[in-house]
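Here is the structure we will look at.
In this note's numbering, the protein residues as written are -12 to 504.
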């Protein structure tokens, strides 16, 4: 797993790089978002065993939010069941003190979004065969996820909800992985999405999902079609100057024929994309397996080089310096790990025990339980702290030094995501400066952070000011009213209808994919 975004400054305070989280030595930060930061990590074992992982660390303030933690555990519960070569793998859910984290597969490569952009800057595009092969592999992964069952054999009804170029990852060996199930929806999930809030990226959403109607796994197939269209043509399918214009294009405008946009574009691939991008779910591919078979058949029909090799060649050629930096980070972490003081298997009285968190309530257990997550559920292993025995007598300990008094006030640093100009108050105290900070009385009682920014919904969250705190507050843009059809582009046959999206014969919007008359 990999992520790329600007890092909020408070993260440096935590000094995670160079420390340990559970069984993992933590290296450099490789990304950060509104809910978590991602670090390179290393796990070592006997006989020179090592594994590099991506460690997704939940921001401090969210570790105290019950609703978010329920959602985070839901994600872990879903990911722990997934074992497919085209979906990023989760290894472990853990906790170190107050820090909650996921250890996941570390991917050496780049997101499809960055690969497409880099090619575009050179006036290049991925070969159609490479796009089709990539799409077939993601469809394989989606088909597996859509058919996941619980322990009783009941379908989980899993829908990714955010298939996009940012969440399709291409490794330097040309492997393809679907990442970020953070907003995936499964039937019966404990933590549900806030009523009325659309989750995902508008440019890749199926119409029924945008309109807040009932949707199923076929929404993922529409999103994959939009992703493949962008990769093949080199331009986003639904792109507006703002969300309002993007929604208008998605709901009311016809999809441009890629054969008209790209000279020599294969008609067979155009037909596949057309079917995946049908506005009505019943006219789309009905399952990911059908889409994968058609994409693979297209690749076999072409006299071309190995499409995986084409992908590997492109990402390696365009991101040579980034690959070198990733390798340097790995070597730096490996070197730091070998220099680390050993003997951590025996926990002293002043050390904090760390463990892996169970995904379901458990009865009280002895102190050092560790829960290792395997691909079908939770595998329980037990470790007991040993006692270090020495032949010589222990020296009599001297008197313990007296602790310094705690300061009466603590500083709370607040960063917004996205980072915009905002008025921020912590317990009524105006946060000032850059980064924005407010000093408030130290307390074990939660106080409220209020954020107001032009163009965004007011945001509030609670934090306990018992120590220095760094908080990231996610902001949601105020939604624009759903645009009406423009006068020069009338909606045929009455436009959008209400009612369940899956009802046969009930079109969501009368928009015809390319090639339709």
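Quick reminder that beta carbons are idealized off the backbone N, C-alpha and C, glycines included.
Nothing here was measured: the structure is a model prediction, and the numbers come from that model.
If you follow the alpha helix (DSSP H) that residue i is part of, which residue opens it and which one closes it?
i	result
residue 505	Because the chain spans -12 through 504 in this model, residue 505 falls outside it and cannot be assessed.
residue 86	Note, residue 86: premise wrong, no alpha helix (DSSP H); beta strand (DSSP E) at 86 to 92.
residue 220	205 to 220
residue 245	245 to 248
residue 233	230 to 239
residue 131	115 to 133
residue 259	254 to 263
residue 276	275 to 287
residue 194	194 to 197
Looking at C-alpha atoms only, which residue of the options is the closest neighbour of residue i?
i	options	result
residue 458	425, 115, 464	425
residue 435	122, 168, 412	412
residue 149	124, 119, 158, 193	193
residue 168	398, 64, 51, 429	64
residue 44	142, 23, 437, 284	23
residue 319	7, 13, 257	13
residue 393	405, 452, 433	452
residue 442	302, 450, 430, 462	462
residue 240	251, 252, 227	227
residue 159	309, 58, 6	309
residue 507	95, 94, 78	In this structure the chain extends from -12 to 504, so residue 507 is not present and cannot be described.
residue 262	273, 247, 437	273
residue 238	300, 295, 288, 195	195
residue 306	105, 456, 414	105
residue 37	460, 281, 321, 59	321
residue 423	236, 433, 399	399
residue 407	460, 395, 456	460
Buried or exposed for residue i, please, with buried defined as at least 16 other CB atoms from any protein chain shown within 10 angstroms of its CB.
i	result
residue 265	buried
residue 511	With the chain running from -12 to 504 in the structure shown, residue 511 is simply not present.
residue 154	buried
residue 410	exposed
residue 127	buried
residue 338	A caution first: residue 338 carries a pLDDT of 35, below 50, which makes its placement in the model too unreliable to give a value.
residue 298	buried
residue 86	buried
residue 504	Only weak support exists for where residue 504 lies, its pLDDT of 43 falling under 50; the value from the coordinates is given anyway. Exposed, because fewer than 16 other Cβ atoms sit within 10 Å of the Cβ of residue 504.
residue 464	exposed
residue 119	buried
residue 161	buried
residue 140	exposed
residue 445	exposed
residue 268	buried
residue 61	buried
residue 5	exposed
residue 217	buried
residue 311	exposed
residue 508	Residue 508 is absent from the model: the chain starts at -12 and stops at 504.
Counting along the chain, where does the beta strand (DSSP E) carrying residue i start and finish?
i	result
residue 98	96 to 98
residue 425	423 to 428
residue 26	23 to 32
residue 63	Premise fails: residue 63 lies in the alpha helix (DSSP H), 53 to 66, not in any beta strand (DSSP E).
residue 158	155 to 158
residue 146	Careful: residue 146 lies outside any beta strand (DSSP E) and carries neither H nor E.
residue 291	That residue, residue 291, is in no beta strand (DSSP E); it is neither H nor E in DSSP.
residue 71	Premise fails: residue 71 is in no beta strand (DSSP E) and is neither H nor E.
residue 447	446 to 450
residue 139	Premise fails: residue 139 is in no beta strand (DSSP E) and is neither H nor E.
residue 14	11 to 19
residue 457	456 to 461
My assumption, with CB atoms under 8 Å, is that residue i sits in contact with residue j. Please give the rounded CB distance.
i	j	result
residue 103	residue 33	Incorrect: roughly 43 Å between the Cβ atoms, too far for contact.
residue 66	residue 129	Going by Cβ atoms, the distance from residue 66 to residue 129 rounds to 15 Å, so no, they are not a contact pair.
residue 208	residue 271	6 Å
residue 90	residue 81	7 Å
residue 219	residue 115	6 Å
residue 123	residue 279	5 Å
residue 30	residue 10	6 Å
residue 165	residue 74	5 Å
residue 40	residue 92	7 Å
residue 302	residue 157	5 Å
residue 414	residue 397	At roughly 11 Å, the Cβ-Cβ gap does not stay under 8 Å, so residue 414 and residue 397 are not in contact.
residue 117	residue 253	Going by Cβ atoms, the distance from residue 117 to residue 253 rounds to 12 Å, so no, they are not a contact pair.
residue 234	residue 189	6 Å
residue 448	residue 48	6 Å
residue 112	residue 221	4 Å
Check: Taking one C-beta from the stretch 197 to 214 and one from the stretch 116 to 134 each time, how about it: are there three or more such pairs within less than 8 Å?
Finding: They touch, by the three-pair rule.
Next item on the list: Examine the Cβ distances between the stretch 408 to 428 and the stretch 19 to 29 and report whether three or more of them are shorter than 8 Å.
Entry: In short, these stretches do not touch, since the Cβ pair count stays below three.
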